[in-house]
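Enquirer: Here my numbering is used: the first residue of the sequence shown is 145, the next is one more, and so on.
The structure that follows is given in the form of structure tokens.
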Amino acid sequence: MELSRETIDSSDQCPTGPEWQAYAVGRVEQQALQLMSSHLLACQQCLEVLDRISSKESKPHPNEPISPFLLEENCIRLEEMLAGIQVQWEAPTDSADSSDDSSSLESFKMLGRFEIQGVLGTGGFGRVFLGYDPLLKRSVAIKAPKRTAFGTEGDLENFLTEARHAAALDHPNIVPIYDILGDASGHTIIVMKHVCGKPLSPQHKMGKTALETTVRQMIVVAKAIHYAHERGFVHRDLKPSNILIDEFGQPHVTDFGLGMNLSELSSKHISRGGTPPYMSPEQVRHDVLMIDRRSDIWAIGVVLSELVHGRRPFPQKNRDKLFHEIQNDEPLIESTRETYEIDGIIRRCLSKDPADRYPTAESLANQLQDLHNRCFSTGLKKWLYGGRRKLVILSSLVVIAASFWGYLILEKQKQIHLTFSQIKNASISSLPFLLGKLRQLKPSQETLAADLETPTTNTAVFNRNLTLLVFGDRSEQTTERAISFLQTADAGEIDSVGECIVDGPTKTFLEPIVVQRLHESLDASDTDSALRLAALLSYLNPRNSIWPSLSRSVSSTLVSMPQLEMQQWLTCFDQVGSKYLGKSLGEFALAGNASRETRLNATVALVKFFAADTDFLSGLICDLEEFQIPTVMLALRDRRTAALASLKKLHRESQFGIPSSGQSNLARSISMPAQVSNLAIATWLLGDQEIAFDSFQSSTDATLLTLFVHKLSNLDLDSKPVFDSLLSLKDRNDQRSSTIKFGLLQLLSRLRADQIPNAELEGLLNYFWLHDPDCGIHSMARLNASKFDIKLNAPPFAQNSTWLVDEIGGQYQDFVVIEPCIAALGMPDGQIEPLLTDPWPWHDRRFTRCIAIATNEVTIKQFRVFLPEYFATDPMLTEADPDAAMAMVSIQAAYSFCNSWSVASGLQTCYEARSDQDGQEKLYPKTNHLALNGYRLPTDGEWELACRSGTTTNRFYGDAEHLEHQYGWVSETPGIQFYNGAYTSQPVARFLPNRWGLFDMYGNVKEICDRSCDPIRDSDEFIDDEAISEASPYGGPRIRGVSLDAPGELWGFSYCRTDRIVGEPDPLNGFRVVRTLLGE
145 MELSRETIDS SDQCPTGPEW QAYAVGRVEQ QALQLMSSHL LACQQCLEVL DRISSKESKP
205 HPNEPISPFL LEENCIRLEE MLAGIQVQWE APTDSADSSD DSSSLESFKM LGRFEIQGVL
265 GTGGFGRVFL GYDPLLKRSV AIKAPKRTAF GTEGDLENFL TEARHAAALD HPNIVPIYDI
325 LGDASGHTII VMKHVCGKPL SPQHKMGKTA LETTVRQMIV VAKAIHYAHE RGFVHRDLKP
385 SNILIDEFGQ PHVTDFGLGM NLSELSSKHI SRGGTPPYMS PEQVRHDVLM IDRRSDIWAI
445 GVVLSELVHG RRPFPQKNRD KLFHEIQNDE PLIESTRETY EIDGIIRRCL SKDPADRYPT
505 AESLANQLQD LHNRCFSTGL KKWLYGGRRK LVILSSLVVI AASFWGYLIL EKQKQIHLTF
565 SQIKNASISS LPFLLGKLRQ LKPSQETLAA DLETPTTNTA VFNRNLTLLV FGDRSEQTTE
625 RAISFLQTAD AGEIDSVGEC IVDGPTKTFL EPIVVQRLHE SLDASDTDSA LRLAALLSYL
685 NPRNSIWPSL SRSVSSTLVS MPQLEMQQWL TCFDQVGSKY LGKSLGEFAL AGNASRETRL
745 NATVALVKFF AADTDFLSGL ICDLEEFQIP TVMLALRDRR TAALASLKKL HRESQFGIPS
805 SGQSNLARSI SMPAQVSNLA IATWLLGDQE IAFDSFQSST DATLLTLFVH KLSNLDLDSK
865 PVFDSLLSLK DRNDQRSSTI KFGLLQLLSR LRADQIPNAE LEGLLNYFWL HDPDCGIHSM
925 ARLNASKFDI KLNAPPFAQN STWLVDEIGG QYQDFVVIEP CIAALGMPDG QIEPLLTDPW
985 PWHDRRFTRC IAIATNEVTI KQFRVFLPEY FATDPMLTEA DPDAAMAMVS IQAAYSFCNS
1045 WSVASGLQTC YEARSDQDGQ EKLYPKTNHL ALNGYRLPTD GEWELACRSG TTTNRFYGDA
1105 EHLEHQYGWV SETPGIQFYN GAYTSQPVAR FLPNRWGLFD MYGNVKEICD RSCDPIRDSD
1165 EFIDDEAISE ASPYGGPRIR GVSLDAPGEL WGFSYCRTDR IVGEPDPLNG FRVVRTLLGE
């Protein structure tokens, strides 16, 4: 019985016994087979029948046919049409759940501009329709996935993303994707080129001609897959049905829309992918991190085995048994004389460990090409591979018969020939030994030419050219080919190539033409190729005059690599690393604008090249960031005694200023604390605390210990031992210096409550809070008391040297006292960024008033004392943390608050009511408000002087890299928070204060100030800080500080703006108060 479309008239009916019989013996027409496969996708019972009759180990059901033709090979056609049937294998569903919703597309005559002309095939993933594009007048294939093929919206989006990427593949043997679109019913379709042909299938009889055709076609397939791999794609579902053979016998790989991008495999939740018989062990295990191009190599091996032997290497039909076979059993390959060589290729493709397979599809294609040339060539190629061997044997017999001397000559020739044979296919690493052996045999140029001609593989081509190069062939073409190979060589091959070209231990260079060509090629090569050529030049000629000009580009390429890859290449530059690359690597290690990875890579390279130079590494550690320190410390620990000696020498020099070439006095004044703190860190890690404590005792700069504590914390070291040591450290007068006290309080902020007795902690904090004259220490004591829930005694309200406390509605507010001074503000002219609308050049500012400025912004709780009506219409402020900074403040509200507090404290008010141009009454600063003692907003100069610690700077509004350590966040969620649809700020007390005790504006609200002098307009030697009247074109309020909405390049700077009108409330605007001290 032969089945036709008329016989199986409905895909809803289960096949009968005779229909199964016809299927088993291969007598089912294509259209009927399509209907049958469509039914199988919706009928679990028939799938079980198919599973039983396809398995040798199972017995047929009584109602099923018993036939000698029920062989595995007879199942191939139907199984290939059931593309994606593994979905049913993995998660069986009832017929309602697995119905093919893509079948509804048959009712459409048009999809977009495409006409539907028929059905090409049906699978578990969906259907493929034959379509026609009337615009471009060409036939197309339209793949319509079932909706049930995607578990989630994310799966669909991933599928569409990969399909779009796959559409970029442009190769003559990859079926291109023309379009991806959705129809009005919500279906997603992929429009592809229609290939007039049939799927790849085994030949009925695998003779020499069929085997040659198979090898030739799979060479093309492997090259197409390599093309996709080079562009970041792995197919994941390569099988015969996805390889279409056109009318000219050319293969075309299809279904790349189901592949995955290699760069995203580890970042997505993906399914196993693939069809079970063709899945690699890593796909079976669902080991996403191991799925790469070598998974496709496995699939090619399965396809190749099926084509050559007519059966798959893992024949099980049961899913679980099949997966067990793939992971644990050897492939079932029965080699014959004709297939012996190709079976070796198949076995390597089917290695369980991906590392044992062919590394690339190109290398597999080359191996198949080599097999094709040797086994299926005719004419001259046949003589080259076969006839020449017979000729050599005949010649050998004649020579042996000649004489005893002839015998010796023949033996030498045999040894030379054997060595040549070994060289042709030798790995790069074994070439030096073989070439040394060949040198001892001293072959003639004629022998070289005869035995090394016409190689067929890339390895043999390179080995031949390298051998001719070593033995005196000065051919420009030979040198060019050797150079071309080097441009793609691995790091481990460079030294081996160098050993081939030079003569043994004496390193006598035999071929100067190579160095000349290396020079020429370096300029014309891309970055990666130039690195490889430079690596060989480092081996051959490390003293070449070209190295100073190469060092920058070589260093840049090295530090841009992933660290593991870079470490492999560093060995190639051992001979030039310290002499030529050190300077440029040092620049990358210390470059403030370089990425963290680049700086760390540069540090690793410096440690590699200067591992034996303890003095260099000790000096290097002074200028590094904390994330770079552990790398250098690993090298210094191996030479602890010498390292400590070098560090102690640097410590002595640091007391007079560590020399640093090219730095101004200003830059050195900023970098000194960082350098000394690094010295202290290094000696501390080497077990010598004396240098560190000596630095802390002798220094008057509170920044030093701040940096030390900050870096210790970032290195994940326990702060408690440092705290215990500092607690007992006093000067000669049995007093703790300000540096030590500040460090103690900073360390406290990093300890847990269970690490220090409560009574000891309470006594220490109250002593600092009440008696210490330093406001920074006073503020730090208050911060730690809040953290550890310690109750502090009531502070004195009288001025205490650098700080005082004012009362506001039963609350206390700390103030910093700043005496009259001259300070450098702004930034150097060369660093003014063009994106800023309001440049603030570096200038000297003279402050003639003694002021007291609040250590933090006005809080919500303080603001409520005088302006409770502000909270009536804003429930967010009512629910917010009362200790948070009061944001959403207009300039008029800020002026009103200052006047109210001044009146309540019996001080002069600084603002008066005047009518504006529209006749509305508003508050304006009094003409002499800076000379009054009431509360007011600071001038922008006062704000920068206080909140930037009065430091001169070589960066815009403060040296952020170092000041950030002083303003480090103590809580995990500081700064602005988005709350109930608006922004609110966290308390400034969550931040560490600067050395004057002020909590700066890092990531919190911005602050409103009064505009003072304009440094662009004034040209005096010292500019007096006086407020400009509101009527002046330079007058008006000014925003200072940086918040989370600032551009990334401005983070860490106190941004100065006048381009925004500061009149209306802003969710990021707050303020702090200041008052002028008049003889208090």
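C-beta: ideal position from N, C-alpha, C; glycine also.
#1: Kindly identify the DSSP beta-bridge partner or partners of F959.
#2: Tell me which same chain residues have a C-beta within less than 7 Å of the C-beta of A1037, skipping the five on either side of it?
#3: Classify H430: buried if its beta carbon has 16 or more other beta carbons within 10 angstroms, exposed otherwise.
#4: Taking only the alpha-carbon atoms, compute the straight-line gap between L914 and N937 and give it to the nearest angstrom.
#5: How do the stretch 283-290 and the stretch 336-343 stand: do at least 3 beta-carbon pairs fall below 8 Å, yes or no?
#6: Taking the alpha helix (DSSP H) that Y484 falls in, what are its first and last residues?
#7: If the criterion is Cβ atoms closer than 9 Å, does the pair I477 and P459 meet it?
#8: Can you round the beta-carbon distance between E1086 and D1169 to whole angstroms, since I take them to be within the 8 Å contact cut?
#9: Which residues in the same chain as L871 place their Cβ atom closer than 8 Å to its Cβ, once the five residues preceding and following it in sequence are excluded?
#10: Measuring straight from C-alpha to C-alpha, what distance separates M1030 and E770?
#11: Pick out whichever of A312, A1028 and L744 has its Cα sitting closest to the Cα of D767.
#12: Hey, out of T480, V452, I435 and D277, whose CA is closest to L344's CA?
#13: On the premise that V359 lies in contact with I486, defined as a C-beta separation below 8 Å, what is that separation, rounded to the nearest angstrom?
#14: On the criterion of 16 or more Cβ atoms from any shown chain inside 10 Å, does G275 qualify as buried, or is it exposed?
#15: To which residues of the same chain is G1223 closer than 6 Å at the C-beta, ignoring the five residues directly before and after it?
#16: Kindly indicate if chain C contains any beta-carbon less than 9 Å away from that of N386.
#17: Taking DSSP as the reference, what is the three-state secondary structure of A756?
#18: Restricting to Cα atoms, I'd like to know which of M254, F273, E904 and G256 is closest to G262.
#19: Within its chain, find whatever has a CB closer than 6 Å to the CB of L1221; leave out the 5 residues flanking it on each side and keep chain order.
#20: Report, in whole angstroms, the separation of the C-beta atoms of V1009 and I952, which I expect to be a contact under 8 Å.
#21: Return the CA-CA distance between G726 and F753, expressed in angstroms with no decimal places.
#22: Taking Cβ positions, are T1083 and S1176 nearer each other than 9 Å?
#23: With distance defined between alpha-carbon atoms, name the residue in Y322, H315, A1028 and V378 nearest to I441.
#24: Is the CB-CB distance between S704 and S728 below 9 Å?
#25: At which residues does the alpha helix (DSSP H) containing G445 begin and terminate?
#26: Using C-beta distances below 7 Å, list every residue in its chain close to L909, excluding the 5 sequence neighbours before and after it, in chain order.
#27: Three-state secondary structure (DSSP) at R1182?
#28: Please state whether DSSP places L794 in a helix, a strand or coil.
#29: Return helix, strand or coil for R1219, following the three-state DSSP convention.
#30: Taking only the alpha-carbon atoms, compute the straight-line gap between S1049 and Y1079 and give it to the nearest angstrom.
#31: Using beta-carbon positions only, say whether G1028 and F991 come within less than 9 Å of one another.
#32: With DSSP as the reference, label G726 as helix, strand or coil.
#33: So, under 8 Å CB-CB, L791 and T827 are touching, yes? Tell me the CB distance rounded to an integer number of Å.
#34: Can you name, in chain order, every residue of its own chain whose Cβ lies under 8 Å from the Cβ of L304, other than the five neighbours on each side?
#35: Verify whether the separation of the beta carbon atoms of P686 and Q712 is less than 9 Å.
#36: In this structure, does DSSP put Q261 in helix, strand or coil?
Expert: To lay it out plainly:
#1: L948 and A998
#2: L1011 and Y1014
#3: exposed
#4: 8 Å
#5: yes
#6: Y484 to C493
#7: no
#8: 7 Å
#9: L888
#10: 36 Å
#11: L744
#12: V452
#13: 7 Å
#14: buried
#15: none
#16: Among the chains of the structure shown, chain C does not appear; only one protein chain is present.
#17: coil
#18: F273
#19: C994 and A996
#20: 6 Å
#21: 8 Å
#22: no
#23: V378
#24: no
#25: R437 to H453
#26: A925, N928, A929, I934 and L936
#27: strand
#28: helix
#29: strand
#30: 9 Å
#31: Residue identity differs from the one stated: residue 1028 is Ala in this sequence, not Gly. For A1028 and F991, no; Cβs fall outside 9 Å.
#32: helix
#33: 5 Å
#34: I324 and T332
#35: no
#36: strand
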